[in-house]
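Heads up, our numbering is the position in the sequence shown plus 18, with the first residue counted as 1. Glycine residues also receive a C-beta, built at the ideal position from the N, C-alpha and C atoms.
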Amino acid sequence: MAKRTHGATEPSVQVTLQVRLAPNVTPDDGLFVAGNLPALGDWQPAAVALPRVGPRLFALTFAAPIGKPVEFKITRGTWKSQAIYLDPAGRFPPDNRVIVPTRDQRVEVTVIDWLDRIALAVDPVVGDLRRHEPMSGPGLREPRAIQVWLPPSYASRPERRYPVLYMHDGQNLFDPATSFCGQDWKVDEVATRLITEGRLRELIVVAIDNTGDRMEEYNLARPRGRAYATFLIEVVKPFIDRTYRTLPEPEQTGVMGSSMGGLISFQLAWTFPEIFGLAGCLSSAFYKAWAATTRLVRGNPASGRRLRLYFDAGELEPPIATCFHKMQSLLREVGLQPGREFLAHFAPGATHSERAWSDRLHLPLEFLFGSPSGR
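This is how it looks when you write it as structure tokens:
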């Protein structure tokens with residue numbers, strides 16, 4: 019029966035999640051569920067424990083909004099130890115499980131293995147990827163590695179300079195072995211294909227690894243977010259411009275990320291348009307800082323007219339999709355023109371996952387750095 023949960027603004031139903039371990043799976047750790055609701059830990063892999071209710075059975079009952087997608091994964095406390103189960107589409111690692119509850123229901127999942135106990139497929143990096151020693155800056159607690167992907171003609175055209183794209187969550191961009199979930203964005207492969215097809219200008223991609231402070235650092239409304247911005251602007255970008263043959267102007271400099279990385283990309287471009295003139299914001303977590311982001315846009319609408327922005331959302335990520343539609347209205351309200359200053363894309367059936375972002379990575383790349391001959 020539908021009911022209103024305490025303090026909720028919309029009706030909800032009760033969902034009982036049952037997780038069963040296959041006979042070959044050893045239950046030597048606690049199990050957790052991570053998903054897109056506060057009751058599921060807001061995607062924190064060890065926030066919500068699954069109570070054991072039998073020798074190989076775990077269960078949790080939680081409230082879910084009626085008719086809205088609920089995404090989740092099962093873990094042993096980290097993304098590297100997420101569960102492997104039979105994926106109807108045969109994808110590996112399996113995509114987020116998704117339900118759209120309309121009444122009280124039970125959901126059953128059978129775990130057949132763990133990601134950290136199987137060998138991942140080897141996916142060699144395409145092109146020249148260079149790794150630099152970890153860097154840090156004032157106000158940041160941890161240094162982080164920097165990787166630089168160079169375009170195909172970089173070595174053979176020493177007179178040429180290139181635009182630069184700075185990307186967050188660097189571990190997840192090039193190699194499934196370093197990605198938190200065993201699935202990478204395939205930035206190297208997608209960019210190489212688009213360049214070869216004449217749809218993308220050659221560019222340098224700078225990948226900045228995340229740290230345990232990701233949720234704080236990827237929000238300019240937070241002190242560590244401001245420290246991260248200073249780190250990018252005063253440490254990373256000057257290093258890249260000194261070390262590589264870049265086009266340093268704002269119209270040649272982009273920033274891109276997903277989820278919280280999408281949020282900080284939008285905030286960086288709107289706050290510092292004299293540095294970052296291009297921004298790719300995939301599945302941006304605007305809802306984590308909606309009031310602050312709204313003030314930012316309305317307080318300085320002229321910034322947007324200096325930018326080229328891409329942002330999107332998947333159908334199966336409700337709070338992100340809601341803010342996606344609100345952001346379109348807000349940008350129009352302050353005078354930005356769709357298709358010129360910004361491109362908004364809604365992805366039917368898409369989940370909140372590295373696979374989904376990889377599948378549509380070509381859209382922001384072409385909008386921000388597209389080759390004139392390919393348009």
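What residue range does the alpha helix (DSSP H) around residue i cover?
i: residue 337; result: 336-351
i: residue 382; result: 380-387
i: residue 285; result: 278-289
i: residue 1; result: In this structure the chain extends from 19 to 393, so residue 1 is not present and cannot be described.
Among the candidates the options, whose CA atom is the shortest distance from the CA of residue i?
i: residue 372; options: 58, 41, 217, 199; result: 199
i: residue 175; options: 100, 215, 262; result: 262
i: residue 375; options: 331, 349, 389, 123; result: 331
i: residue 49; options: 34, 191, 75; result: 75
i: residue 86; options: 333, 380, 366, 386; result: 333
i: residue 51; options: 42, 157, 351, 78; result: 78
i: residue 380; options: 206, 311, 127; result: 206
i: residue 66; options: 73, 90, 44; result: 90
i: residue 282; options: 134, 369, 243, 312; result: 243
i: residue 167; options: 158, 128, 208, 157; result: 208
i: residue 97; options: 88, 126, 135, 71; result: 135
i: residue 384; options: 38, 68, 211, 305; result: 211
Assuming residue i contacts residue j (C-beta within less than 8 Å), just tell me the rounded distance between them.
i: residue 57; j: residue 80; result: 4 Å
i: residue 335; j: residue 42; result: Going by Cβ atoms, the distance from residue 335 to residue 42 rounds to 33 Å, so no, they are not a contact pair.
i: residue 286; j: residue 238; result: 7 Å
i: residue 294; j: residue 312; result: Not confirmed; about 20 Å, so no contact.
Kindly indicate the opening and closing residues of the beta strand (DSSP E) around residue i.
i: residue 100; result: Taken as a continuous stretch (DSSP letters only), residue 100 belongs to no beta strand (DSSP E), as it is neither H nor E.
i: residue 222; result: 222-226
i: residue 329; result: 326-332
i: residue 298; result: 296-300
i: residue 373; result: Counting along the chain, residue 373 falls outside any beta strand (DSSP E), though it belongs to the alpha helix (DSSP H) covering 372-377.
i: residue 93; result: 88-93
i: residue 70; result: 70-72
According to DSSP, which residues form a beta bridge with residue i?
i: residue 150; result: 164
i: residue 126; result: 36
i: residue 185; result: 225, 274
i: residue 117; result: 88
i: residue 238; result: DSSP output for residue 238 lists no bridge partner at all.
i: residue 53; result: 90
Discussion item. Quick test of the definition: if touching needs 3 or more C-beta pairs under 8 Å, does the region 153-163 touch the region 242-258?
Written reply: Judged by Cβ distances under 8 Å, the region 153-163 makes contact with the region 242-258, as three or more pairs qualify.
Item to complete: State whether the region 117-129 contacts the region 83-98, with contact taken as three or more CB pairs (one from each stretch) at a distance under 8 Å.
Response: Contact holds: three or more Cβ-Cβ distances are below 8 Å.
Worksheet item: Using 8 Å as the threshold, is the region 205-224 in touch with the region 175-191, meaning 3 or more CB pairs across them?
Response: Cβ pair count under 8 Å is three or more, so yes.
Worksheet entry | Contact between the region 142-150 and the region 229-242 (3+ Cβ pairs under 8 Å) | Flag = no, the region 142-150 and the region 229-242 do not touch.
Discussion item. Between the region 297-307 and the region 209-219, can you find at least three pairs of beta-carbon atoms closer than 8 Å?
Written reply: Segments in contact, no.
Practice prompt. Would you check if the region 311-330 and the region 343-355 touch, i.e. whether three or more CB-CB distances between them fall below 8 Å?
Written response: They touch, by the three-pair rule.
Worksheet entry | the region 185-198 touching the region 160-175, judged by at least three CB pairs closer than 8 Å | Counting Cβ pairs under 8 Å, three or more are found: they touch.
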